[in-house]
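**Student:** Quick note: the sequence shown uses our numbering, first residue 5, plus one each step. Encoded as structure tokens, here's the structure I'll be asking about.
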Amino acid sequence: MSALPTYRWRLAPEGLATRRQLRAMGLRPGGQDVVAEVHRPRRRRPPLVAYLYRIEHARPVRPMTPGRTAALAAAMLARRTCPNCRLDVGYFIPRSLGMCVPCHDTPSLSEGNRRVLA
């Protein structure tokens, strides 16, 4: 067990918030340590755990810079670009396929030859 105070789901005291709750308020933990935990019980599985931070010690979220905006746009474009046909397909390429759906569903010539020979 941890040495942190532990509360049941929805029973944490005022003045504490999770990372998501801080983000919704436009805040971030700002380097402070975890103050407490919230446990959400689940049947036949270990409980979900959320860490709590003090709202009064939280800092504002850093503003998005032009460089970070460009880097994020490039990363999203890379996730939408098929490595096979090199087209922006308009959706994130499924990691299970590794290429866009049309490229995955269309057999290449080498695959077709293998099927005929096999």
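Beta carbons: idealized from backbone N, C-alpha and C, even for Gly.
What residue range is occupied by the uninterrupted alpha helix (DSSP H) comprising T85?
**Tutor:** Segment: none, T85 is in no alpha helix (DSSP H) and carries neither H nor E.
**Student:** Roughly how many whole angstroms lie between the Cα atoms of H108 and R83?
**Tutor:** H108 and R83: Cα-Cα distance of roughly 16 Å.
**Student:** Which residue's Cα is closest to the Cα of A28: P98, A7, P17, I59?
**Tutor:** I59
**Student:** What first and last residue would you give for the beta strand (DSSP E) that runs through A28?
**Tutor:** Taken as a continuous stretch (DSSP letters only), A28 belongs to no beta strand (DSSP E), being part of the alpha helix (DSSP H) at 23-28.
**Student:** Quick one, which of G71, L31, E41, G34 has its alpha-carbon nearest Y11's?
**Tutor:** E41
**Student:** Taking contact to mean 3 or more Cβ pairs, one atom from each stretch, closer than 8 Å, check whether the stretch 91-109 and the stretch 60-72 are in contact.
**Tutor:** Segments in contact, no.
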